[in-house]
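Single-structure report; data block below.
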Amino acid sequence: MEHLELFFKSIFVDNMVFAYFLGMCSYLAVSKKVSTAVGLGAAVIFVLAITVPLNWLLDQYLLQEGALIWLGPEYADYDLGFLSFIMFIATIATMVQLVEIIVEKFSPSLYNSLGIFLPLIAVNCAILGGSLFMQSREIETLGLALNYGIGSGIGWFLAIVAIAAIREKIRYSNVPPALRGLGITFIITGLMAIGFMSFGGMLTGGEEEATEETVENTVGMVTAIADEKKDEASSLAIETIKDSDKN
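105 is the number that full-length UniProt numbering gives to position 105 of the sequence shown; each next residue is one higher, with no gaps.
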């Protein structure tokens, strides 16, 4: 159940594009054709599926405080967390080079279509974000890290393919001149984000979180009203005392 919840949450609720606006450069630039978007989306899935588990291993056995204890008790207090960014980016860059070699070898047309944006996956903030979220959320097992990487990649894939399909249709629509290009794309992205975020209530705990938030808001409102009424009563009492003193 934990794997299933994390998988769907990383796709829909914590979507890299719609929830955190990560990878927007590639999302906007390579989403003019569905075929190109599918190719880049598949590359992002592959890179996230490889780099998130690899960076989890680096974090668990090298970077965290006490991670080097396997070398000996004298290394128990070592904390190499300050190297996280460098190590994560190095891993991502290596995997992106591997993807670039594979795509160029087996699909030259896709390689030419992606152009500069394929090597730029190495600096795609969605890729780095996957590893950093994995670290900050303290994902406990390698299996969950792999699950999160694949789910995040699929979420980004769905986002770019969906916007590419819509943009292909928009070419034949009478969009107002002021909104053509990025303007209408941002509006559609916002509407899609609302749709994706609505999946949050379908996951385990969605109703409970909503109920807790509603209760907190209700309590806060009641408290505010009570304080307001209390202040009004105090003011009225003071005015009554002043009037009685004058009389």
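Built from N, CA and C at the ideal position, the CB exists for glycine as well.
{"Check": "Assumed close pair Ile160, Val13 - CB separation to whole angstroms, cut-off 8 Å", "Outcome": "With a Cβ gap of about 18 Å, Ile160 and Val13 do not count as contacting."}
{"Check": "Reduced DSSP secondary structure (H/G/I, E/B, other) of Ser26", "Outcome": "helix"}
{"Check": "Neighbourhood of Ile11 by C-beta, 6 Å cutoff - its chain only, sequence neighbours within 5 removed", "Outcome": "Gly151, Ile154 and Gly155"}
{"Check": "Nonlocal neighbours in the same chain, by C-beta distance under 8 Å from Gly149, ignoring five residues either side", "Outcome": "Leu48, Ala49, Ile50, Thr51, Val52, Pro53, Gly130 and Met134"}
{"Check": "Proximal residues to Leu57 (C-beta, below 8 Å), its chain only, five neighbours per side dropped", "Outcome": "Leu142"}
{"Check": "C-alpha gap between Asn174 and Ile163, whole angstroms", "Outcome": "18 Å"}
{"Check": "Collapsed DSSP secondary structure at Arg167 in the structure displayed", "Outcome": "helix"}
{"Check": "For Gly72 and Lys33, the rounded distance between their alpha carbons", "Outcome": "54 Å"}
{"Check": "Spatially closest choice to Val103 from Phe8, Ser26, Leu40 and Met197, by CA coordinates", "Outcome": "Leu40"}
{"Check": "Where Met16 falls: helix, strand or coil (DSSP)", "Outcome": "coil"}
{"Check": "Secondary structure of Ala162, DSSP reduced to three states", "Outcome": "helix"}
{"Check": "Cβ contact check for the stretch 112–128 and the stretch 21–28: 3 or more pairs under 8 Å", "Outcome": "yes"}
{"Check": "Identity of the residue in Gly66, Thr91 and Leu28 nearest Asp79 by Cα", "Outcome": "Gly66"}
{"Check": "DSSP three-state assignment for Ile50, whether helix, strand or coil", "Outcome": "helix"}
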